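In the numbering used here, the protein residues as written are -14 to 278.
Below is one structure, written out as structure tokens, with a few remarks after it.
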Amino acid sequence: MADLIPFDDRDGVIWFDGEMVPWRDAKLHVLSHALHYASCVFEGERAYSGRIFKLSEHTERLFDSAAQLDMEIPFTPAQIDAACNELIKRQDIVDGYVRPVAWRGSEMMGVSAQVAKTHVAIATWPWPNLFGDDRLDSGIRMKTSKWRRPAPNTAPVKAKAAGLYMICTLSRHSVEPEGYDDALMLDWRGQVAESTGANIFLVIKGVIHTPTPDCFLDGITRRTVMDLARKRGHEVIERVIMPEDLGDADEVFLTGTAAEVTPVGEIDEHNYQVGPITRQLMDDYEAAVRMGD
Ligand SMILES: Cc1ncc(COP(=O)(O)O)c(C=O)c1O
């Protein structure tokens, strides 16, 4: 970890409330509502060959997430799109990650925050494969977390909201010391939901199955990969998937902006091959992101 460059100590600029500010000066006050009460939503985008893939869908989700937290973003979606595009040019990002974030400021310091101002920042940085190249050959190792995705009436489960990642961090911390790459999260009913930062698919006897996204993000990559699979003539079924069904799968893979299409080699006692359908969708996804939307 010694060669890690902290994210607050880098060169370049960050778009902050409409201005390009020097990277190290993009700061907020310790008495910010977001820090104390998790009033924060964000996006994760990737640029490929100098273009942000599905940018307008990500921006739309940022606004939807904010609305679910009762926050109003003081910019238009077109302004946020333009800021993301301008920023990757300024930062010379050809292939990299883009992180817009919106949070409540300091006008109110209590649970209510009706008049707290919403701020927006965007940062970008180079980011290669999420789990490392060797995992693309062998598949990642996963273990089921003890933490479960909450029910829709206990949290705004469709928002990409910072607060929902608390259990994801705890899940990763519980499995990584044992050598696992990621955790599988069940939902509050005990159904298979997703990983800590990506959606999950199972290939069972040549048919692709994925959990119905009724309490977690219906990922932009998930929808893209479902389209790609159907274009190849594969049947894709959204349904309830129970942990017992994991034993029926021949192939398992994750999808997400950061994860792209990542093969899974192991979940708990089950082992999977990095099979032909996964490989085809990895290639098709790579071709799609390079072509743009
Ligand atoms: C918890 C979680 N689920 C699913 C996804 C996949 O979403 P997308 O494909 O839109 O990146 C992500 C990544 O944003 C995530 O963090």
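All C-beta atoms in this analysis are idealised placements derived from N, C-alpha and C, irrespective of residue type, glycine included.
Computed from a prediction, not measured in an experiment: that's the story for all the values here.
Distance, residue j Cα to residue i Cα
i	j	result
Ile107	Gln64	12 angstroms
Met(-14)	Gly218	Bear in mind that the predicted position of Met(-14) carries a pLDDT of just 47, short of 50, making it unreliable; the figure below should be weighed with that in mind. Distance between the alpha carbons of Met(-14) and Gly218: 44 angstroms.
Trp0	Met227	43 angstroms
Asn256	Asp166	14 angstroms
Ala68	Pro198	30 angstroms
Glu223	Arg207	11 angstroms
Asn70	Phe48	17 angstroms
Pro261	Val210	15 angstroms
Ala183	Glu28	13 angstroms
Met151	Ala52	20 angstroms
Pro85	Ala32	13 angstroms
His194	Pro111	32 angstroms
Ser156	Asp230	21 angstroms
Pro137	Val177	15 angstroms
His21	Gly95	9 angstroms
Lys253	Gln99	Per the sequence shown, residue 253 should be read as Asp rather than Lys. The alpha-carbon atoms of Asp253 and Gln99 are separated by roughly 45 angstroms.
Asp77	Lys190	45 angstroms
Val249	Asp235	10 angstroms
Gly117	Ser97	42 angstroms
Arg134	Trp173	6 angstroms
Lys12	Lys145	22 angstroms
Cys153	Ala23	15 angstroms
Gly164	Gly3	42 angstroms
Cys200	Asp66	27 angstroms
Gly232	Asp(-4)	48 angstroms
Val188	Glu179	15 angstroms
Met127	Gln265	22 angstroms
Cys25	Gly124	32 angstroms
Tyr270	Ile(-10)	30 angstroms
Ser91	Met5	21 angstroms
Thr181	Met93	31 angstroms
Trp8	Asp55	29 angstroms
N-terminal and C-terminal residue of the beta strand (DSSP E) that residue i is part of
i	result
Asp269	Unbroken run through Asp269 is the alpha helix (DSSP H), Pro261 to Met276; no beta strand (DSSP E).
Val(-2)	Val(-2) to Phe1
Leu20	Here Leu20 belongs to no beta strand (DSSP E); instead the alpha helix (DSSP H) covers His18 to Tyr22.
Val177	Val177 to Ser180
Ala168	Asp167 to Asp172
Ala32	Glu30 to Tyr33
Val26	Cys25 to Phe27
Residue i: CB within 7 angstroms of a non-hydrogen atom of ligand 2
i	result
Cys25	By its list of ligands, the structure shown excludes ligand 2, since it contains just ligand 1.
Residues that residue i bridges to, as DSSP identifies them
i	result
Pro7	Val(-2)
Asn184	Glu179 and Thr240
Ala146	Val26
Ile37	Ala32
First through last residue of the alpha helix (DSSP H) which encompasses residue i
i	result
Leu155	Met151 to Val160
- Message: In chain order, what are the residue ranges of uninterrupted alpha helix (DSSP H) at least 4 long that sit wholly in the segment 46 to 129?
- Response: 62 to 75 and 119 to 123
- Query: Hey, which unbroken runs of the beta strand (DSSP E) at 3 residues or more fall wholly within the segment 189 to 256?
  - Reply: 192 to 196, 221 to 224, 236 to 241 and 245 to 252
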